[in-house]
Amino acid sequence: MAEKRVDEPTGTETMGHEWDGIEELNTPLPRWWLWAFYASIAWAAVYVVLYPAWPLIDRATAGALGWTSTGQLEQELAKEQARKAPLLSAIAATPIERLADDPRLMQAAIEGGRSAFKVSCVQCHGSGAAGSKGYPNLNDDDWLWGGDIASIHFTIEHGIRQPDHDETRMSQMPAFGGMLSPDQIADLTAHVRTISGQQKADVAAARGAELFAQNCAACHGPGGKGDRGLGAPNLTDAIWLYGGDAETIGQTIANSRYGVMPRWSGRLDPVTIKMLAAYVHSLGGGEAMPKSQMAEAEGTKADGQP
Amino acid sequence: MVSPEDLTGLKKKSLYAKREPVYPKAVTGRFRRLKWLVMAVTLTIYYVTPWLRWDRGPYAPDQAVLIDLAHRRFYMFGIEIWPHEFYYVAGLLIMAGIGLFLATSAVGRAWCGYACPQTVWTDVYQHVERWIDGDRNAQIRLAKAPWTASKLARRLFKYAAFLAIAIATGGAWIFYFADAPTLLRDFIAGDAPFVAYATVGVLTATTFTLGGFMREQVCIYMCPWPRIQTAMMDEKSLTVTYKEWRGEPRARGTKKATLVDLNRGDCIDCNACVAVCPTGIDIRNGPQVGCITCALCIDACDRVMTQIGRPRGLIDYATLEDCRTEAAGGTPKPLAKTIFRPRTLIYFTLWAAIGLAMLFALGARTRLDISAQQERNPIYVRLSDGDIRNSYTVKIRNMEARPRQVEVGISDLPEAVAWTIEGSREAAEGTVPVNVPADSVAKVKLFVAAPAAGPQEDDFVFTVRSLDMEGATATVESRFERPEEGR
């Protein structure tokens, strides 16, 4: 450390620091800088008074403006609610069959349904609605109870096999384990795998065809194509809710299956249920409205107009 | 004026220095004329540009230069930049950066002295100040005078004029971001967006303070560029220099200057160079950070040299190398050689190469683009007939200022069909028609179904073709995924 001295060329006093002959000048800061520093101190003082600043044990000091981050959040949520209100009431006022007529409304319903799905449906159907064993994949084109938007809406509203509810989707397959012998069940399994194209017809399958006509055709149809009115699955396609291998089919015949889905009326508001139906219908497997229902929907529209 | 006692005395030492007011004297001369010219050109560009019109048809704004943040478009005469083409703007910024290097290498700190907004607006303010308060001496007298009614009125008038200029500065800036005539009308009527008023407010405040009061302090304390420039300049860079070998020793006053036999230099210590300096420095102390090379001291000194019958150029644009050569009795390099030196030429080549590359890219770019993103949840769906379906979000960019009909098709995927949510697999034809509005992006969800037999990951191509006369096409490669077990 060298002595403090005045640097000849600049006439400025040095700090007394020296590194390899390079000295630090004690150049004064400009005064406006000092004033900016004072101004920020004043600003901080004002801020501490106006806003929550001092941490206490379970909260912070209130601040003269009464501002809180949760209060701001509530305000913004209320604003968002108010913004969405006209859209939601428009969806509420539109019959589900007519929703697609207004693309803007349909788009809003799909987006609303997407977020509602993530709250109430992903637990069983998965976040992409792809389902898993026993929980149907909502993206595909196979629908037990109908895949048009009105049928989907009905299913969500009333649920599947809800014993305490009259309108619920209800079907029940008998457990054939007590009625048919294991050999007969094996024959039936061979037949079902034959009609779904999973194996070649053989003697066992021919025996199974007979058994099928006696026991199964009443619900699943003579060709095994299923019946939506009864919720009987199509046994000839490539989609299996519980699995299409011989063992799983044998178990299904012997023990039957009893999948349930909650009814969402009463748990979700009608607008949310409509939006969920729109979203599920939009996933890519949704079907067009059957002609008769279209006519019905036209009728309701005509009735609604003077 | 700093006295020797101030420099050495420890008693007056303070941690903070008060601003020494600068009262630059008016000056005339060739560099002053150049400064007027640059000021006129830059201010004209700044104020006139937003009002130029450029016809782009009915679907795009007709403002020649428009930064449309709301719709994320940047229009510059015939060029329209989309957000994904932001590299053009990055390229422009790189060119501006290299342009500064180039200018520094060729003509020293010319940017600081002539074109920098801080310099231009400070200059405007100083002229207004001279017009209201008078020239240097009158200004000093007024500053020392007691606060009378007339001084108060003068000051109020001056600050009002400063404020008016500041508002005009801040006000013009917003016109680059919206349709200028509409915005002006809305702004006056009080209907403009809040951000417009906020921007004008902030820019008015900064112009008023930085141009009206802080002036040279911005250059000396706040601006990083002088520091960078000191590192970029070398002994071959042009800069404003006092030719010490010719001026020293100084002889104070014209009287002494007329005495021929004295061992003395040309400098008569008249302080004209100091009086006209807008940053308040003494150029005779050698090159320094405070010098913005505006060359007004050259004009001032040349006038004095002419008056006392000495050659001009005691203070002049010169390189430090030239100064040494001249001091030793040699002749300096010609100006062209100083400007067109290797470093400058390398910067220029780089700068021009980037410019040409951008021009080429602008000329070659297509105005139709497609991108596809595959749905990952679920990756594939098995359909009831056993086929596999994937879904994609396909975005089609129509960058032309007219609506276009396009069709999207797929190729390289055997037996595959594509359809949208509005269509159906059964009704699917070879291609999917899409209407894309003018100057916008259409987003379509496309389903693609193909037989389950095939590779687990299958590359294929989405092609978009416009159905108009032009028939432009764009393609993007995507991937079709199948379950592991096939079937």
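These protein sequence lines are chains H and C, in that order. Going by our numbering, the first sequence opens with residue 59, and the numbers climb by one from there. Going by our numbering, the second sequence opens with residue 32, and the numbers climb by one from there. The C-beta atom is built at its ideal place from N, Cα and C for all residues, glycine as well. It should be emphasised that the depicted structure is a prediction, and the values quoted were computed from it without experimental measurement.
Can you tell me whether DSSP reads residue i as helix, strand or coil?
| i | result |
| --- | --- |
| Pro113 (chain H) | strand |
| His115 (chain C) | helix |
| Glu515 (chain C) | coil |
| Arg277 (chain C) | helix |
| Ala505 (chain C) | strand |
| Gln257 (chain H) | coil |
| Glu57 (chain H) | In this structure chain H extends from 59 to 364, so residue 57 (chain H) is not present and cannot be described. |
| Gly74 (chain H) | strand |
| Met389 (chain C) | helix |
| Ser350 (chain H) | helix |
| Arg167 (chain C) | helix |
| Asp295 (chain H) | coil |
| Arg496 (chain C) | strand |
| Ser340 (chain H) | helix |
| Asn466 (chain C) | strand |
| Asp241 (chain H) | helix |
| Gly40 (chain C) | At Gly40 (chain C) the pLDDT is 48, less than 50, meaning the model places this residue with poor confidence and gives no usable figure here. |
| Gly487 (chain C) | Rather than Gly, the amino acid found at residue 487 (chain C) in this sequence is Gln. In this structure, Gln487 (chain C) counts as coil in the three-state DSSP scheme. |
| Leu46 (chain C) | coil |
| Gln363 (chain H) | For Gln363 (chain H), the pLDDT reaches just 42, beneath the cut-off of 50, and the residue's location in the model is therefore unreliable, leaving the point undetermined. |
| Met228 (chain H) | coil |
| Glu345 (chain H) | strand |
| Val159 (chain C) | helix |
| Leu196 (chain H) | coil |
| Met263 (chain C) | helix |
Return the first residue and the last residue of the beta strand (DSSP E) that residue i is part of.
| i | result |
| --- | --- |
| Ser442 (chain C) | Arg435 to Ser442 |
| Gln404 (chain C) | Leu399 to Gln405 |
| Val53 (chain C) | Where Val53 (chain C) is concerned, there is no enclosing beta strand (DSSP E), given that its DSSP letter is neither H nor E. |
| Ile419 (chain C) | Ile419 to Asn429 |
| Met107 (chain C) | Arg104 to Met107 |
| Tyr228 (chain C) | Per DSSP, Tyr228 (chain C) belongs to no beta strand (DSSP E); it is in the alpha helix (DSSP H), Phe225 to Thr237. |
| Asp99 (chain C) | Val96 to Asp99 |
Which one of the options has the shortest CA to CA distance from residue i?
| i | options | result |
| --- | --- | --- |
| Gly289 (chain H) | H:Asp200, H:Asp303, H:Glu169 and H:Pro144 | H:Asp200 |
| Asp400 (chain C) | C:Thr451, C:Gly502, C:Ala480 and C:Arg456 | C:Gly502 |
| Pro81 (chain C) | C:Thr261, C:Gln170, C:Leu269 and C:Leu215 | C:Leu215 |
| Thr261 (chain C) | C:Arg428, C:Arg277, C:Gln319 and C:Ser497 | C:Gln319 |
| Lys175 (chain C) | C:Thr397, C:Pro52 and C:Thr506 | C:Pro52 |
| Phe193 (chain C) | C:Val155, C:Lys66 and C:Arg413 | C:Val155 |
| Val425 (chain C) | C:Ser415, C:Ser402 and C:Glu446 | C:Ser402 |
| Ile370 (chain C) | C:Ala458, C:Met70, C:Leu133 and C:Arg315 | C:Leu133 |
| Gln53 (chain H) | H:Pro280, H:Tyr316, H:Gln165 and H:His75 | Lying outside 59 to 364, the shown extent of chain H, residue 53 (chain H) is not represented and no answer is given. |
| Val463 (chain C) | C:Gly440, C:Ala481, C:Pro482 and C:Ala473 | C:Gly440 |
| Trp90 (chain H) | C:Cys147, C:Met245 and C:Leu65 | C:Met245 |
| Ala296 (chain H) | C:Gly417, C:Asp300 and C:Thr235 | C:Gly417 |
| Thr75 (chain C) | C:Met264, C:Pro486, C:Pro148 and C:Phe105 | C:Pro148 |
Residue i versus chain B: which residues are under 9 Å apart at the beta carbon?
| i | result |
| --- | --- |
| Ile205 (chain C) | This model lacks chain B altogether; the protein chains it does include are H and C. |
Would you please state the rounded distance, in angstroms, between the beta carbons of residue i and residue j? I believe it to be under 8 Å.
| i | j | result |
| --- | --- | --- |
| Ile154 (chain H) | His211 (chain H) | 5 Å |
| Glu247 (chain C) | Gly321 (chain C) | 7 Å |
| Thr247 (chain H) | Gly308 (chain H) | 5 Å |
| Arg198 (chain H) | Glu345 (chain H) | Before going on, a small fix: residue 198 (chain H) reads as Asp here, not Arg. Contact flag wrong, Cβ pair sits at about 11 Å. |
| Leu131 (chain C) | Trp113 (chain C) | Not quite, the Cβ-Cβ distance comes to about 27 Å (not below 8 Å), so this is no contact. |
| Val58 (chain C) | Asp330 (chain C) | 5 Å |
| Leu299 (chain H) | Gly186 (chain H) | With a Cβ gap of about 17 Å, Leu299 (chain H) and Gly186 (chain H) do not count as contacting. |
| Ala358 (chain C) | Trp256 (chain C) | Not confirmed; about 30 Å, so no contact. |
Just to confirm the assignment, what range does the alpha helix (DSSP H) spanning residue i have?
| i | result |
| --- | --- |
| Gly129 (chain H) | Ser127 to Ala151 |
| Gly302 (chain H) | Segment: none, Gly302 (chain H) is in no alpha helix (DSSP H) and carries neither H nor E. |
| Ala97 (chain H) | Arg89 to Leu108 |
| Ile80 (chain H) | First-last for Ile80 (chain H): Ile80 to Leu83, but that is the beta strand (DSSP E), not the alpha helix (DSSP H). |
| Lys476 (chain C) | Taken as a continuous stretch (DSSP letters only), Lys476 (chain C) belongs to no alpha helix (DSSP H), being part of the beta strand (DSSP E) at Ser471 to Ala481. |
| Asp347 (chain C) | Element bounds for Asp347 (chain C): not the alpha helix (DSSP H) but the beta strand (DSSP E), Ile346 to Ala349. |
| Thr451 (chain C) | Per DSSP, Thr451 (chain C) belongs to no alpha helix (DSSP H); it is in the beta strand (DSSP E), Val448 to Thr451. |
| So, do the stretch 83 to 92 of chain C and the stretch 469 to 480 of chain C have three or more beta carbon pairs nearer to each other than 8 Å? | yes
| request: Kindly confirm or deny that the stretch 194 to 205 of chain C and the stretch 237 to 246 of chain C touch, where touching means at least three C-beta pairs closer than 8 Å. | output: yes
| message | Is it the case that the stretch 429 to 437 of chain C contacts the stretch 383 to 390 of chain C, given that we only count it when at least three CB pairs across the two stretches are under 8 Å? | response | no
| message | Check whether the stretch 94 to 114 of chain C and the stretch 205 to 213 of chain C touch, using three or more Cβ-Cβ pairs below 8 Å as the test. | response | yes
| query | Do the stretch 253 to 266 of chain H and the stretch 218 to 228 of chain H meet, that is, are 3 or more Cβ pairs less than 8 Å apart? | reply | no
| message | Taking contact to mean 3 or more Cβ pairs, one atom from each stretch, closer than 8 Å, check whether the stretch 442 to 454 of chain C and the stretch 475 to 484 of chain C are in contact. | response | yes
| request: Check whether the stretch 366 to 385 of chain C touches the stretch 163 to 172 of chain C, taking contact to mean three or more Cβ pairs, one atom from each stretch, closer than 8 Å. | output: With the rule of 3 Cβ pairs closer than 8 Å, the stretch 366 to 385 of chain C does not count as touching the stretch 163 to 172 of chain C.
| Stretch pair the stretch 332 to 346 of chain H + the stretch 189 to 197 of chain H: three plus CB contacts closer than 8 Å | Segments in contact, yes.
| If you pair each beta-carbon of the stretch 341 to 350 of chain C with each one of the stretch 294 to 304 of chain C, do three or more pairs fall below 8 Å? | The stretch 341 to 350 of chain C vs the stretch 294 to 304 of chain C: in contact.
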